[in-house]
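Numbering (the UniProt record's numbering), first residue to last: 1 to 254. Just so you know, even glycine gets a beta-carbon here, dropped at the ideal spot from N, CA and C. What follows is a short report on a single structure.
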């Protein structure tokens, strides 16, 4: 996706799932400090194996399973090779760098327990929330991107993943992606629309594993004086559900 040697791994498996979620930290000392905070909850982080470290293209990482069944990896020393990214088709490139790969939206069995863990233990900061009838979504940032993590609890007692977002550098790339999906008959989950909170213009595509891919442009950046807000809907316009016949999310646990 960029000059980083590894951003995304796809592993063969007999079932759909999220193998791990990676977060970069400044160095090993920061990983150890965060590890102590996590260990105070009764969860003991483990060191990545030499084989895993080589695969992730980092200097090292520690990992743990959170209370909701997701494996998180705290990595430092990400390997970068300048001027190596070549897109698979003509396009503007991806907005990554210090903002990381994008964001992931997880489904958790208990929204407020998850909120306490991700904020008080892992150190995320609240960006805002959406209260849309019975649906509640919480959004968090850890760098300049409006949110790198969001959580919802549509099915009590179950964990899963709704979508992974990647951001491109030009709006035209979003439109071209929709055209290509139509041409090659890949299912499009939601029409193009603009979100209320981060103002991103995006569409949602289905991956073969049912995990949705949000493909967007123009997301807001967070600043130090950011004040969280509460919205009554996720989108200003668009984002109409196009394939209600397909699963709404990937259920992993429960």
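Original post:
Taking the Cβ atom as the reference point for each residue, do residue 140 and residue 127 lie within a distance shorter than 9 angstroms?
Top reply: Indexing the chain shown from 1 puts residue 140 at position 140. Indexing the chain shown from 1 puts residue 127 at position 127. Using a Cβ distance threshold of 9 angstroms, residue 140 and residue 127 count as a contacting pair.
Original post:
Would the segment 90–98 and the segment 170–188 be scored as touching if the rule is three or more Cβ pairs under 8 angstroms?
Top reply: The segment 90–98 is in contact with the segment 170–188.
**OP:** Have a look at residue 239 and residue 50 and give me their C-alpha separation to the nearest angstrom.
**Re:** The sequence position of residue 239 within the chain shown is 239, counting from 1. The sequence position of residue 50 within the chain shown is 50, counting from 1. So the alpha carbons of these two residues sit roughly 43 angstroms apart.
Original post:
If you follow the beta strand (DSSP E) that residue 204 is part of, which residue opens it and which one closes it?
Top reply: Within the chain shown, residue 204 is the residue found at index 204, counting from 1. Residues 201–206.
Original post:
According to the neighbour-count rule (16 or more other Cβ atoms, all chains shown, within 10 Å of its Cβ), is residue 184 buried or exposed?
Top reply: Indexing the chain shown from 1 puts residue 184 at position 184. So residue 184 counts as exposed.
Original post:
DSSP beta-bridge partners for residue 149?
Top reply: Reading the chain shown from its first residue, position 149 is the one you call residue 149. Beta-bridge pairing links residue 149 to 104, 140.
Original post:
In the structure shown, what three-state DSSP assignment does residue 11 receive?
Top reply: For the purposes of this step, residue 11 is taken as the residue at position 11 of the chain shown. Coil at residue 11, not helix or strand.
Original post:
For the candidate residues 236, 2, 203, whose alpha-carbon lies nearest to that of residue 87?
Top reply: Locating residue 87 in the chain shown gives position 87, where the first residue counts as 1. It is 2 whose Cα lies nearest to the Cα of residue 87.
Subject >> Endpoints, alpha helix (DSSP H) assigned at residue 231 >> reply: Position 231 of the chain shown holds residue 231. Unbroken run through residue 231 is the beta strand (DSSP E), 229–231; no alpha helix (DSSP H).
**OP:** Would you list the residues sitting across from residue 24 in a DSSP beta bridge?
**Re:** In the chain shown, counting from the first residue as 1, residue 24 sits at position 24. Partner(s): 75.
**OP:** Starting from the Cα of residue 31, find the closest Cα among 83, 16, 64 and give me that residue.
**Re:** As a position in the chain shown, residue 31 is number 31, starting the count at 1. Of 83, 16, 64, the residue nearest in Cα terms is 64.
**OP:** Enumerate in chain order the residues of its own chain whose CB-to-CB distance from residue 16 is below 8 angstroms, with the five nearest sequence positions on each side excluded.
**Re:** As a position in the chain shown, residue 16 is number 16, starting the count at 1. Within the same chain, and ignoring the five residues on either side of residue 16 in sequence, the residues whose Cβ sits closer than 8 angstroms to its Cβ are 209, 210, 211, 250, 252.
Subject >> residue 112 - DSSP class collapsed to helix/strand/coil >> reply: Indexing the chain shown from 1 puts residue 112 at position 112. Helix at residue 112.
Original post:
Whose CA, out of 71, 215, 187, lies closest to the CA of residue 44?
Top reply: Sequence index remark: in the chain shown, residue 44 carries index 44 (1-based). That would be 71, whose Cα lies nearest to the Cα of residue 44.
Original post:
Using a beta-carbon distance below 9 angstroms, is residue 123 in contact with chain B?
Top reply: Absent here is chain B; the protein component of the structure consists of one chain.
Original post:
Distance, Cα to Cα, residue 143 vs residue 178?
Top reply: Position 143 of the chain shown holds residue 143. Position 178 of the chain shown holds residue 178. In a straight line, the C-alpha of residue 143 is about 29 angstroms away from that of residue 178.
Original post:
What residue does the alpha helix (DSSP H) around residue 43 start on, and which one ends it?
Top reply: Your numbering for residue 43 matches position 43 in the chain shown. Careful: residue 43 lies outside any alpha helix (DSSP H) and carries neither H nor E.
Original post:
Just the Cα atoms here: how many angstroms apart are residue 104 and residue 122?
Top reply: As a working mapping, residue 104 is identified with position 104 in the chain shown. As a working mapping, residue 122 is identified with position 122 in the chain shown. Taking the straight line joining both Cα atoms gives about 15 angstroms.
Subject >> Cβ shell of residue 188 (< 8 angstroms), same chain only, five flanking positions each side left out >> reply: By 1-based counting over the chain shown, the position of residue 188 is 188. So the list reads 178, 181, 182, 203, 204, 205, 206, 242, 243, once near-sequence residues are dropped.
**OP:** Measure the alpha-carbon distance for residue 76 versus residue 37 and round it to whole angstroms.
**Re:** By 1-based counting over the chain shown, the position of residue 76 is 76. By 1-based counting over the chain shown, the position of residue 37 is 37. Cα to Cα, the separation comes out at about 17 angstroms.
Subject >> Distance, residue 162 Cα to residue 247 Cα >> reply: The residue labelled residue 247 in the question sits at position 247 within the chain shown. The residue labelled residue 162 in the question sits at position 162 within the chain shown. Rounded to whole angstroms, residue 247 to residue 162 spans 10 angstroms at the Cα level.
**OP:** Classify residue 167 as buried or exposed, calling it buried when 16 or more other Cβ atoms lie within 10 Å of its own Cβ.
**Re:** Along the chain shown, one-based indexing puts residue 167 at 167. Looking at its Cβ environment, which holds 16 or more other Cβ atoms inside 10 Å, residue 167 is buried.
Original post:
Should residue 27 go down as buried or exposed, given a rule of 16 or more other Cβ atoms within 10 Å for buried?
Top reply: Position 27 of the chain shown holds residue 27. Classification for residue 27: exposed.
Original post:
Going by alpha carbons, who is nearest to residue 35 out of 61, 19, 12, 55?
Top reply: Position 35 of the chain shown, counting from 1, holds the residue named residue 35. The shortest C-alpha to C-alpha distance from residue 35 to any of 61, 19, 12, 55 is the one to 61.
Subject >> Contact belief for residue 145 with residue 99 at Cβ below 8 angstroms, rounded distance in angstroms >> reply: Counting from one through the chain shown, the residue named residue 145 turns up at place 145. Counting from one through the chain shown, the residue named residue 99 turns up at place 99. With a Cβ gap of about 4 angstroms, residue 145 and residue 99 count as contacting.
**OP:** Could you pull out every residue in the same chain whose Cβ sits closer than 6 angstroms to the Cβ of residue 192, ignoring the five residues on either side in sequence?
**Re:** As a first step, residue 192 must be located in the chain shown, where it is residue number 192. For residue 192, where only same-chain residues beyond five positions count, the Cβ hits under 6 angstroms are 203, 238.
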